[in-house]
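A.B. asks: Per full-length UniProt numbering, residue 1 is the first one in the sequence shown, and the count goes up by one each step. Just so it is clear, CB atoms sit at the ideal spot from N, CA and C, and this is done for glycine as well. Since we're looking at a predicted model, the values are computed, not measured.
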Amino acid sequence: TDLKVTGIDFLQRQNSQLHHTDGYNVKNLVVRRGQAFQLQLSFSRELKAADKLVLHFGIGEKPMKVRGTRMSLNPKREQDPSRWQVSIVKNSGKECLLSITSSPRAPVGKYTLDVKTGTNIYKPENDAVYLLFNPWCEGDVVFLADEAQRKEYVLNDTGYIYVGSAYSIYNRPWNFGQFEELILDACVYLLDKSKLKLSNRTDPVFVSRAMSALVNANDDSGVLLGNWSGNYNNGTSPMDWIGSVAILQQYYKTKKPVCYGQCWVFSGVLTTVMRCLGIPSRCVSNFNSAHDTEENLRVDIYLNEFGEKLNGMSFDSVWNFHVWNDVWMKRPDLPAGFDGWQAIDSTPQEQSQGIFQCGPCPLKAIREGDVYLPFDSKFVYAEVNADKVYWVVKKVNGKDKYIRLSTETRGIGMNISTKAVGQNKREDITAQYKFPEGSEEERNSMQKASSFIRPSGIVPRARFSSPVLRDEVESAPAVPREVLSKTGLQLEITNKAALYPGNPLELAITVKTSTPGSWTINLAGSCQLQSYTGKVEASLGYVKETVKLEGKSETQVPLKIAADAYMKTLASVEDEVLIHVTAIAEVQGTDDKLTKETTMSFEYPPITVQMPETAKLNKEFTCAFIFKNKLNIPLDNCKLLVEGLGIFKMTTFDEGDVKPGRIIKSEIICTPTRLGEKKIVAKLTSTQIKGISAEKTITI
1 TDLKVTGIDF LQRQNSQLHH TDGYNVKNLV VRRGQAFQLQ LSFSRELKAA
51 DKLVLHFGIG EKPMKVRGTR MSLNPKREQD PSRWQVSIVK NSGKECLLSI
101 TSSPRAPVGK YTLDVKTGTN IYKPENDAVY LLFNPWCEGD VVFLADEAQR
151 KEYVLNDTGY IYVGSAYSIY NRPWNFGQFE ELILDACVYL LDKSKLKLSN
201 RTDPVFVSRA MSALVNANDD SGVLLGNWSG NYNNGTSPMD WIGSVAILQQ
251 YYKTKKPVCY GQCWVFSGVL TTVMRCLGIP SRCVSNFNSA HDTEENLRVD
301 IYLNEFGEKL NGMSFDSVWN FHVWNDVWMK RPDLPAGFDG WQAIDSTPQE
351 QSQGIFQCGP CPLKAIREGD VYLPFDSKFV YAEVNADKVY WVVKKVNGKD
401 KYIRLSTETR GIGMNISTKA VGQNKREDIT AQYKFPEGSE EERNSMQKAS
451 SFIRPSGIVP RARFSSPVLR DEVESAPAVP REVLSKTGLQ LEITNKAALY
501 PGNPLELAIT VKTSTPGSWT INLAGSCQLQ SYTGKVEASL GYVKETVKLE
551 GKSETQVPLK IAADAYMKTL ASVEDEVLIH VTAIAEVQGT DDKLTKETTM
601 SFEYPPITVQ MPETAKLNKE FTCAFIFKNK LNIPLDNCKL LVEGLGIFKM
651 TTFDEGDVKP GRIIKSEIIC TPTRLGEKKI VAKLTSTQIK GISAEKTITI
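1) With DSSP run on the structure shown, which of helix, strand or coil describes H19?
2) Less than 9 Å separating the beta-carbons of S526 and G307?
3) Quick test of the definition: if touching needs 3 or more C-beta pairs under 8 Å, does the stretch 150-161 touch the stretch 223-239?
4) Spatial neighbours of I579 within its chain, please: C-beta separation below 6 Å, excluding the five flanking residues on both sides.
5) Let's see if you can read the secondary structure: which residues bound the beta strand (DSSP E) around T487?
6) Once the 5 residues before and after I668 are set aside, which same chain residues still bring their CB inside 7 Å of it?
7) Hey, L144 and V108: beta-carbon distance below 9 Å or not?
8) Please state whether DSSP places Q342 in a helix, a strand or coil.
9) Which parts of the stretch 507-581 are runs of the beta strand (DSSP E), unbroken and 3 residues or longer, counting only runs that do not cross its ends?
10) Which of helix, strand or coil does DSSP assign to G222?
11) Do T699 and T614 have their C-beta atoms within less than 9 Å of each other?
12) Could you spell out the range, first to last residue, of the beta strand (DSSP E) harbouring D428?
13) Using 8 Å as the cut-off, can you tell me whether the stretch 317-334 makes contact with the stretch 178-197, which would need three or more C-beta pairs spanning the two stretches below that distance?
14) For R367, which of helix, strand or coil comes out of DSSP?
15) Between R150 and the rest of its own chain, which residues show a CB-CB distance below 6 Å, the 5 nearest in sequence each way excluded?
16) Is F10 helix, strand or coil by DSSP?
17) Would you grab the beta carbon distance between M239 and G676 for me? Rounded to a whole angstrom, and I think it's under 8 Å.
18) So for C263, helix, strand or coil by DSSP?
19) Taking the alpha-carbon of A682 as reference, which of L182, K696, Q688, K486 has the nearest alpha-carbon?
20) When you compare only the Cα positions, how much space is there between I412 and N397?
21) Taking all protein chains shown into account, do 16 or more other C-beta atoms lie within 10 angstroms of the C-beta of Q342, making it buried, or fewer, making it exposed?
22) Taking the alpha-carbon of T347 as reference, which of K90, S237, L270, L684 has the nearest alpha-carbon?
23) So I247 is in the alpha helix (DSSP H); what residue range does that whole segment cover?
24) Helix, strand or coil for V384 per DSSP?
25) Here's the rule: buried if 16 or more other CB atoms are within 10 angstroms of the residue's CB, otherwise exposed. What is Q349?
26) If you run the structure through DSSP and keep just helix, strand and coil, what is I412?
27) Rounded C-beta distance between M274 and V323? I'm assuming under 8 Å.
28) Which two residues bound the contiguous alpha helix (DSSP H) that contains A148?
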């Protein structure tokens, strides 16, 4: 009688454990390439030596053998070790156990399976098998040797994104949620949408570059629409997301871009997509990130004589922080030595090859100044290495005159941060991007990079003064990188009291000199509110004083801002704002000029999360969120957003207006559906305060 297949058991439980895919919330088999998995076939009768048996795995719309997108596997034939392999593990009665190993260079995505016995073809009900990149397989270009790193960069579905400013960094908890419902399907949909040739789907260089383009909506109606306008009425404010899950689920259901994202949201979603597909990935925050539109390694900053930054004057900007991603892979397309972490960025800033995409660019190329290597290494190099040139704009005879104040060579690309492996703390990875400031290696790297990036003479590039007339610029000799000051002038900016919204901002500027002599110093200092992209939202006040110092001494000049001066702005701007202080000091009778700026974050009362430390699978427990408004201002339109992966879906509580001193408490009844250590994340937003976060871990 004819041999017929009567059923296939995908042995999901054992396969998914061996392939580290047991977290995925899908009905189908999910396996990683280059690693064996088993299938159990049931037949109408016993399989005999003379029977013909062939398994077909196909990917794409028209799977074809010649293109390597249709594999015909015959356990009776000699196996080619460089391709897919199949063997019979055990044949007894009507059951046959097979072992299949895909090629470590196979295209990733969704495969279909059918089995041919003689002239009969059997298609199983759930015929789709997902094949992912495999960081556990030495033959895969994404192989990562360290198990703790694989746990963090591939399997961890929660984490932090670091925000704030260089000297007050704080973490924003983020749920990546790469294993949640529909996320894998959304990622496979993005792969299909990317129009990548199936032969390029084998290569994480192509896949990560394509995903950096598809996570933003700019060219291809991708996942997220960026919006930095401050008006988010017809969408979700970028501050109101606490993870990628809701974004990717909405995108997959509607196939339309989700509104709205800013850099940390793009980075969080891109980490989810990369980890979901099996490419090790991390979110990377660069503090004082140069957005230099001309790749000339210089950012011009224009101040008025009070030290207030002038908005919209410069083509370039310095963002308080910018978040992108690193992905781990070998780079066989480059000269030897550029394997390992590569930077990719899905925030739409500049086009690369005509599309808003960025990377992958080897961190080693950025560090060593090899900025001719693909992709987009000049752009990333400038983000972490540009110089800041300060200009003061004065009116002389009714005309703007630009006077160069100072150049700062160390302020850009500071405290580059990511979450530490296996710990809930920040890891500083600046040394993976840059040699130590002032070291010989740094100088060599800078020289190499500068030879590929067009340098420019020191002429201000203001928007309004296109052809700058020479007589409008006070000629200053080219400043050597280390300025030796005659007076040893130094500036420090500090706050004297906690920066709580609704309280006066008590700031101070300390002026120091360190060389013998009597010095008269003209000091101007200003306080402004700005968004994280460096855009000035309001000027709050300034001081202008002349101070006298003798030899090695210092004096402190207070700068106090009343709450009324900034509360209106705080409530009218939909973004989180930072306090930005700039000071300019000029020593009379010398060429000593110094500019110093610093950014500080407001401080907020905490959210407390109350729940047991452990709970049992499928057994209810209660989780409470408590917040006391310790500020002396009411918080209007309070919303509490909470999410616990594997415990409960994202939930929003409308808390209304919370008066000073009032305590709010919200409870949620949770039923955990997955084992292990799980995190609950909470975020409170209001008209005045855009994001107070909290999190707590529970073991199920």
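C.D. replies: For this structure:
1) Coil at H19, not helix or strand.
2) yes
3) no
4) M600
5) Where T487 is concerned, there is no enclosing beta strand (DSSP E), given that its DSSP letter is neither H nor E.
6) C623, V642, F648, T651
7) no
8) strand
9) 518-530, 536-550, 553-561
10) coil
11) yes
12) 426-428
13) With a cut-off of 8 Å, the stretch 178-197 and the stretch 317-334 do not count as touching, because too few Cβ pairs lie within range.
14) helix
15) If we look at R150 and ignore the five residues flanking it on each side, its Cβ neighbours are P135, L144.
16) Residue state, collapsed to three classes: coil.
17) Going by Cβ atoms, the distance from M239 to G676 rounds to 30 Å, so no, they are not a contact pair.
18) helix
19) K696
20) 35 Å
21) buried
22) The option with the nearest alpha carbon to T347 is L270.
23) 245-254
24) It is helical.
25) buried
26) coil
27) Contact flag wrong, Cβ pair sits at about 14 Å.
28) Where A148 is concerned, the enclosing alpha helix (DSSP H) starts and stops at 147-150.
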